[in-house]
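Engineer:
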Amino acid sequence: MDHPSETDTEPAMAISEAEAVNDTTTKDAVDAVVTVTPSKKESTSSQSQQEHVFSPELLKLYYARLFPYSLLGDWLSYTIMSDDGTTRSKTSQQQPFSSKVFSRREFSFTLEPIPGEEIYIRYQSFNNIQELEKAIQRRQPHKIDIGAVFTHPPKDKQAYDPKLFHPVQRELVFDIDLTDYDDIRHCGCTGAKICPKCWTYMTMAVQVMDQGLKEDFGFDHVAWFYSGRRGVHAWICDEEARMLSNEARSAVANYFEVSVGKKNSESLLSSSSSSVHPMLERAYDVLEPYFCRDVLPADGHGLLATQELWEPLLDSLPAAARDTVGANLKKKWAASVGTSKELSPVDKWKQLLQHLRVKFGLQDENQNDGDANNHASNNKRPKLSTSVSETNKEKHRIAVWPMEVVFLHTYPRLDINVSKMQNHLLKSPFCVHPKTGRVCVPIHVPTVDSFDPFAVPTLNQLARELDEYHAAAAATGTGTSDDKVEYEWQKTSLKSYFEGFRKDFLRPMQKEWRQKERDQAEQDAAMRGDF
Amino acid sequence: MNIVKSSRSSSVPKSVAALDSKNSAATTNINLYQEIPNIEVSLDDFEEFALDRLKVLKKLEQLKMRHVAPEKYKKYLDPLLQKLNDPTKDWISHFVLRLAYCRSEDLRRWFLAQEVALLKYRLSQSNPGSSSNSGGETAITKALKSVLPNVHVLAPEELEPLLPKILAATPSLNMNPLQVGNGRNANSNNNIYRVPFTQALDLVQHRQVFVKKGMAYIPESKLLSLVTARFRSNLSRQLALLSAVPTTPALQRTQGFLKNVATVHAIKDEYLEQGAGTDGVQLTANNVASHVKHMPLCMAQLQMALNKEKHLKHWGRLQYGLFLKGAGLSLEDAMVYFERMFVGKDFNKEYSYNFRHMYGKEGKRANYPPYNCAKIINGNGPNANEHHGCPYKHSTVQDVTAMLNKLGIAPSKQKGIIAQQQSHNYQLACVEHFKAMYPNPPTSVYANDFGNHPNAWFKSSVKASGGADAKMTDSQTIDGKKSNVASGDVDMNDPNSVSP
Numbered sequence: 001m002d003h004p005s006e007t008d009t010e011p012a013m014a015i016s017e018a019e020a021v022n023d024t025t026t027k028d029a030v031d032a033v034v035t036v037t038p039s040k041k042e043s044t045s046s047q048s049q050q051e052h053v054f055s056p057e058l059l060k061l062y063y064a065r066l067f068p069y070s071l072l073g074d075w076l077s078y079t080i081m082s083d084d085g086t087t088r089s090k091t092s093q094q095q096p097f098s099s100k101v102f103s104r105r106e107f108s109f110t111l112e113p114i115p116g117e118e119i120y121i122r123y124q125s126f127n128n129i130q131e132l133e134k135a136i137q138r139r140q141p142h143k144i145d146i147g148a149v150f151t152h153p154p155k156d157k158q159a160y161d162p163k164l165f166h167p168v169q170r171e172l173v174f175d176i177d178l179t180d181y182d183d184i185r186h187c188g189c190t191g192a193k194i195c196p197k198c199w200t201y202m203t204m205a206v207q208v209m210d211q212g213l214k215e216d217f218g219f220d221h222v223a224w225f226y227s228g229r230r231g232v233h234a235w236i237c238d239e240e241a242r243m244l245s246n247e248a249r250s251a252v253a254n255y256f257e258v259s260v261g262k263k264n265s266e267s268l269l270s271s272s273s274s275s276v277h278p279m280l281e282r283a284y285d286v287l288e289p290y291f292c293r294d295v296l297p298a299d300g301h302g303l304l305a306t307q308e309l310w311e312p313l314l315d316s317l318p319a320a321a322r323d324t325v326g327a328n329l330k331k332k333w334a335a336s337v338g339t340s341k342e343l344s345p346v347d348k349w350k351q352l353l354q355h356l357r358v359k360f361g362l363q364d365e366n367q368n369d370g371d372a373n374n375h376a377s378n379n380k381r382p383k384l385s386t387s388v389s390e391t392n393k394e395k396h397r398i399a400v401w402p403m404e405v406v407f408l409h410t411y412p413r414l415d416i417n418v419s420k421m422q423n424h425l426l427k428s429p430f431c432v433h434p435k436t437g438r439v440c441v442p443i444h445v446p447t448v449d450s451f452d453p454f455a456v457p458t459l460n461q462l463a464r465e466l467d468e469y470h471a472a473a474a475a476t477g478t479g480t481s482d483d484k485v486e487y488e489w490q491k492t493s494l495k496s497y498f499e500g501f502r503k504d505f506l507r508p509m510q511k512e513w514r515q516k517e518r519d520q521a522e523q524d525a526a527m528r529g530d531f
Numbered sequence: 001m002n003i004v005k006s007s008r009s010s011s012v013p014k015s016v017a018a019l020d021s022k023n024s025a026a027t028t029n030i031n032l033y034q035e036i037p038n039i040e041v042s043l044d045d046f047e048e049f050a051l052d053r054l055k056v057l058k059k060l061e062q063l064k065m066r067h068v069a070p071e072k073y074k075k076y077l078d079p080l081l082q083k084l085n086d087p088t089k090d091w092i093s094h095f096v097l098r099l100a101y102c103r104s105e106d107l108r109r110w111f112l113a114q115e116v117a118l119l120k121y122r123l124s125q126s127n128p129g130s131s132s133n134s135g136g137e138t139a140i141t142k143a144l145k146s147v148l149p150n151v152h153v154l155a156p157e158e159l160e161p162l163l164p165k166i167l168a169a170t171p172s173l174n175m176n177p178l179q180v181g182n183g184r185n186a187n188s189n190n191n192i193y194r195v196p197f198t199q200a201l202d203l204v205q206h207r208q209v210f211v212k213k214g215m216a217y218i219p220e221s222k223l224l225s226l227v228t229a230r231f232r233s234n235l236s237r238q239l240a241l242l243s244a245v246p247t248t249p250a251l252q253r254t255q256g257f258l259k260n261v262a263t264v265h266a267i268k269d270e271y272l273e274q275g276a277g278t279d280g281v282q283l284t285a286n287n288v289a290s291h292v293k294h295m296p297l298c299m300a301q302l303q304m305a306l307n308k309e310k311h312l313k314h315w316g317r318l319q320y321g322l323f324l325k326g327a328g329l330s331l332e333d334a335m336v337y338f339e340r341m342f343v344g345k346d347f348n349k350e351y352s353y354n355f356r357h358m359y360g361k362e363g364k365r366a367n368y369p370p371y372n373c374a375k376i377i378n379g380n381g382p383n384a385n386e387h388h389g390c391p392y393k394h395s396t397v398q399d400v401t402a403m404l405n406k407l408g409i410a411p412s413k414q415k416g417i418i419a420q421q422q423s424h425n426y427q428l429a430c431v432e433h434f435k436a437m438y439p440n441p442p443t444s445v446y447a448n449d450f451g452n453h454p455n456a457w458f459k460s461s462v463k464a465s466g467g468a469d470a471k472m473t474d475s476q477t478i479d480g481k482k483s484n485v486a487s488g489d490v491d492m493n494d495p496n497s498v499s500p
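First to last, the protein sequences are chains F and U. Residue numbers for the first sequence follow the UniProt record's numbering, beginning at 1 and rising by one. Residue numbers for the second sequence follow the UniProt record's numbering, beginning at 1 and rising by one.
1. Residue 162 of chain F: buried (16+ other C-beta within 10 angstroms of its C-beta) or exposed?
2. Please list the partners that residue 360 of chain U has in chain F, where partner means a Cβ-to-Cβ separation under 9 angstroms.
3. Establish whether the CB of residue 147 of chain F and some CB of chain U are separated by less than 9 angstroms.
4. According to a CB-to-CB cut-off of less than 8 angstroms, which residues of the stretch 184-215 of chain U neighbour chain F?
5. Taking the DSSP output, what are the residues bridged to residue 438 of chain U?
6. Should the stretch 409-425 of chain U be called in touch with the stretch 341-350 of chain U, which here means at least 3 C-beta pairs below 8 angstroms?
7. Check whether the Cβ of residue 93 of chain U lies closer than 9 angstroms to any Cβ atom in chain F.
8. Residue 83 of chain F: buried (16+ other C-beta within 10 angstroms of its C-beta) or exposed?
9. Under the rule that 16 or more other beta-carbon atoms within 10 Å means buried, what is residue 215 of chain U, buried or exposed?
10. In the DSSP output, what is residue 150 of chain F paired with across the bridge?
11. At what residues does the alpha helix (DSSP H) containing residue 398 of chain F begin and finish?
12. For residue 438 of chain F, which three-state DSSP category applies?
13. Mind checking the stretch 177-189 of chain F against chain U and listing, in chain order, the residues whose C-beta falls within less than 9 angstroms of any C-beta there?
14. How big is the Cα-Cα spacing for residue 60 of chain U and residue 116 of chain U?
15. Mind pulling the chain U residues with CB within less than 7 angstroms of residue 218 of chain F?
16. Under the three-state reduction of DSSP, which class applies to residue 424 of chain F: helix, strand or coil?
17. What's the call for residue 164 of chain U, buried or exposed, on a 16-neighbour Cβ count within 10 Å?
18. CA-CA distance, residue 513 of chain F and residue 256 of chain U?
19. With a CB to CB cut of under 7 angstroms and the five nearest residues on each side skipped, what residues in its chain are close to residue 64 of chain U?
20. Would residue 414 of chain F and residue 184 of chain F be called neighbours here (beta carbons separated by less than 9 angstroms)?
21. Which chain U residues are close to residue 251 of chain F, counting only those with a beta carbon under 7 angstroms from its beta carbon?
22. Consider the Cβ of residue 423 of chain U: report whether some Cβ of chain F lies at a distance smaller than 9 angstroms.
23. If residue 97 of chain U and residue 50 of chain U are in contact, beta carbons under 8 angstroms, what's the gap, nearest whole angstrom?
24. Do residue 106 of chain F and residue 56 of chain F come within 9 angstroms of each other at the CB atom, strictly closer than that value?
25. Between the stretch 54-71 of chain F and the stretch 485-496 of chain F, are three or more C-beta pairs nearer than 8 angstroms?
26. Residues in the same chain with beta-carbon distance under 8 angstroms from residue 452 of chain U, minus the five sequence neighbours each way, listed in chain order, please.
27. Kindly say whether residue 167 of chain U, judged by its beta-carbon, lies nearer than 9 angstroms to any beta-carbon of chain F.
28. Select from F/59, F/60, F/78 the residue whose C-alpha is nearest the C-alpha of residue 508 of chain F.
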């Protein structure tokens with residue numbers, strides 16, 4: 001999460017009366033909720049860096065020319081505007097089209113009219129995307145959050161009895177943030193700092209979650225976004241997802257949450273059985289290769305690359321294994337350091353699993369081992385042959401230990417509080433992160449492996465690209481190639497991100513809406529025909 | 001609810017036919033109270049039925065508290081349940097208690113817990129040998145169909161490809177593959193039911209069932225939990241709705257009774273009043289840490305985490321901040337204290353709003369009460385780097401032991417605490433902790449319900465440790481702070497005063 005204050009992790013805490021209203025906020029802020037907090041001066045180094053990537057002028061340019069209003073509007077309307085979404089005024093010549101869902105959606109803005117003075121305005125709503133666009137251009141919010149769709153337009157909140165004003169729908173959202181990985185990031189990054197090595201955690205998280213949401217819950221319309229700094233957001237937009245109760249949201253979030261290494265560490269696997277939930281099995285299949293590639297080796301997080309990391313790992317074995325296999329390997333590996341006999345981190349892992357298997361008579365094998373593999377099982381973990389009795393409880397703990405290690409070091413760490421409530425704000429996609437200047441761009445899941453957060457365009461870069469585009473156009477004498485370029489973002493490196501979003505997420509969703517509309521129309525016609 | 005009350009009601013119910021049909025339905029099924037009774041009842045019956053049911057519910061609570069094994073419930077419960085044998089009486093008494101117990105969250109929670117326990121007991125009784133039920137549907141499946149009319153039973157060909165995954169997801173499934181291959185149909189106990197996952201949230205969120213494409217696959221053995229979960233969520237929703245319904249003149253005559261029935265359990269929010277504080281102790285920014293010895297483990301744990309990490313996450317701040325508020329720490333002192341403790345954070349920017357909100361100075365200006373044990377135990381458990389919650393529930397025995405050691409509880413005295421923790425009696429574990437500290441407390445301590453509220457625990461501890469000890473520590477600071485506190489009252493209304 002990128003929220004600096006956590007105030008919005010619980011809506012009740014962020015709801016405040018209009019007080020201390022800065023006079024730069026005008027009439028439509030009267031009903032809105034405003035909070036002023038003096039913001040902290042950044043340390044000088046990041047301050048100077050910040051000036052390179054982010055400034056009110058650059059932001060203004062972005063909002064004026066590049067922000068993909070039409071994409072956001074088409075998406076959040078959840079209805080078909082018109083065939084191509086560009087000429088929607090056609091559908092309603094008399095008055096601007098007002099999408100019912102859109103107009104009841106809460107937006108909130110974080111403004112910074114005076115550097116260091118943040119103003120947070122909740123319960124904004126707009127009849128249509130054009131109104132939102134105008135407000136954004138006028139207010140120049142440093143951050144835009146999207147909340148729930150309410151029973152009534154949130155801007156009229158004060159006019160309704162609080163009992164009649166409540167959220168009615170909301171995308172199911174997930175927030176995954178690298179700060180929650182601090183204890184396993186051995187690349188040197190902590191907090192908001194990220195590097196390509198720790199980004200692999202996000203890659204893994206996106207894959208596991210995307211697959212789980214689609215296969216287990218049958219959600220088709222899952223949009224992933226880079227949060228602009230150190231994490232990713234998922235927006236699940238299927239109608240079933242948007243209508244989920246808070247309890248159902250909690251259940252889905254808890255279903256995906258794995259608490260290895262957290263306080264209550266027994267919950268990954270039920271202690272009375274040797275079987276593992278299919279969801280975890282599938283996640284393991286996705287994660288295990290990453291574990292071997294990105295976590296174990298020295299050029300990853302080096303879990304088995306240095307003595308100071310592998311010793312605590314071996315110490316975390318269940319007692320019976322720690323005192324035998326663990327102690328043994330500790331000695332062996334320590335002696336081999338620097339010699340030609342030293343195994344690679346991945347081979348160390350395999351050796352460890354092999355020793356556990358032999359010593360404790362565990363069935364099956366790690367497929368990646370290439371060791372004797374007589375079992376036609378696709379189960380990669382060592383596994384107990386029988387159900388667990390009193391005596392082999394310890395054995396069972398040993399059998400699941402490797403899976404727990406893999407999960408501890410790779411499984412997505414969700415900020416599930418964000419997912420649990422309809423009425424939770426989450427930063428709008430397509431925003432710009434004020435600290436990095438990077439746009440919150442969509443992430444294409446099939447190619448998430450190659451998604452590079454450091455390649456995401458910054459405001460600065462976008463301004464340059466626009467200039468270059470126009471310079472090039474002028475040089476070739478073609479003038480403005482307006483016939484090809486519908487939006488200015490198509491002139492920049494945002495093009496591939498945004499068009500990908502339209503093609504892979506928006507279009508399929510619109511197709512479904514259209515189908516539904518047609519079905520409805522047919523049904524209506526049939527009804528009328530009957531009468 | 002449309003109960004017609006009349007102390008002189010005619011002996012003939014309004015609609016005999018309706019009652020008869022209900023009656024027969026109720027005898028063959030376990031009533032899940034989906035339908036509201038529309039029957040005339042005399043005021044005497046109204047009260048008597050409710051009291052008879054209340055006895056059952058209280059016994060259930062007692063059995064659970066005493067950790068009586070469910071198999072032994074029969075002996076204790078059946079004599080009391082006799083009185084509810086008449087389905088109509090059972091039906092009405094449930095709805096009367098709904099009226100009595102919808103009034104506050106604590107009452108609703110209590111009622112809900114006991115009603116669910118009662119349903120579980122009845123289902124378990126009606127279906128003893130499970131597989132012995134030849135041909136006919138079991139009470140559970142009947143109950144299930146009444147709450148979930150669209151449940152789908154998998155045909156063998158649908159089941160076959162999914163079976164390995166269903167078995168993996170539900171290891172307790174009493175189904176050996178051989179039996180599945182052959183005589184499954186002979187044994188209806190091995191059916192797999194398919195429901196939308198939203199109907200089986202409890203099973204889904206604990207990953208106890210296989211979930212595919214939004215559908216949960218539920219073995220017969222888990223149906224009980226599904227039925228009770230549905231029952232619980234329906235009842236919970238209806239109680240909440242009922243609480244919002246204004247009293248009608250028709251109900252007026254029952255108000256006194258309904259109130260009295262439920263007051264026995266009412267937990268007063270006596271710690272809500274900020275001024276209440278704790279007798280004999282004036283908590284200030286300077287002496288909070290020295291009062292750790294008077295805190296139950298859930299709060300001591302937060303103080304220890306605060307010392308160590310110089311920060312508390314959202315839920316930790318809320319749990320601990322409200323506790324300190326209830327113990328008498330003023331907003332000003334809370335701000336001074338937490339700003340001092342949150343080393344390296346921009347307290348004013350990031351947290352001052354949060355604390356003012358807790359004290360009802362921001363937002364909807366609600367005076368939030370400190371959390372009681374029920375809220376802490378049933379609330380969100382802590383994630384990594386979080387320290388809120390009830391340690392007896394959310395932490396391991398090792399962690400609890402380590403904390404008790406830190407608090408100076410001798411290992412020999414920890415046994416009782418740990419024993420309670422291991423048998424999941426979280427609050428009793430906490431009471432044991434208290435006893436370990438004060439083997440012979442003054443009896444007045446027990447007047448305080450210290451096993452149900454951290455603030456009560458704190459109060460009792462201060463009291464039990466003797467005024468002398470408390471006064472000693474406080475006298476050092478109380479004089480210096482007095483002026484602060486006095487001026488603090490004035491400043492409190494001005495949020496700006498707290499930001500320098």
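Even glycine gets a Cβ: it sits at the ideal position worked out from N, Cα and C.
Structural biologist: This is what the structure gives:
1. exposed
2. Under the 9 angstroms cutoff, chain F gives no residues; its nearest Cβ is about 12 angstroms from residue 360 of chain U.
3. no
4. Along the stretch 184-215 of chain U, going in chain order, the ones with a CB nearer than 8 angstroms to a CB of chain F are 197, 198, 201, 202, 204, 205, 206, 207, 210, 211, 212, 213, 214, 215.
5. None, per the DSSP bridge assignment.
6. no
7. Between residue 93 of chain U and chain F, the shortest Cβ-Cβ separation is not below 9 angstroms.
8. Caution is warranted here: a pLDDT of 45 is assigned to residue 83 of chain F, below 50, making its placement in the model unreliable, and the coordinate value is therefore given only provisionally. Residue 83 of chain F should be labelled exposed.
9. buried
10. F/167
11. 393-410
12. strand
13. Going along the stretch 177-189 of chain F in chain order, one finds 180, 182, 183 with a Cβ nearer than 9 angstroms to chain U.
14. Each residue's Cα considered, the two are about 10 angstroms apart.
15. 213, 214
16. coil
17. exposed
18. Spanning the alpha carbons of residue 513 of chain F and residue 256 of chain U requires a straight line of approximately 55 angstroms.
19. 117
20. no
21. 201, 204, 205
22. Under the Cβ criterion of 9 angstroms, residue 423 of chain U is not counted among the residues facing chain F.
23. The pair is a contact, with the Cβ atoms about 6 angstroms apart (cut-off 8 angstroms).
24. No, the pair does not count as a contact, with Cβ atoms beyond the cut-off.
25. yes
26. 267, 372, 373, 374, 427
27. Yes, residue 167 of chain U lies at the interface with chain F (some Cβ there is under 9 angstroms from its Cβ).
28. F/78
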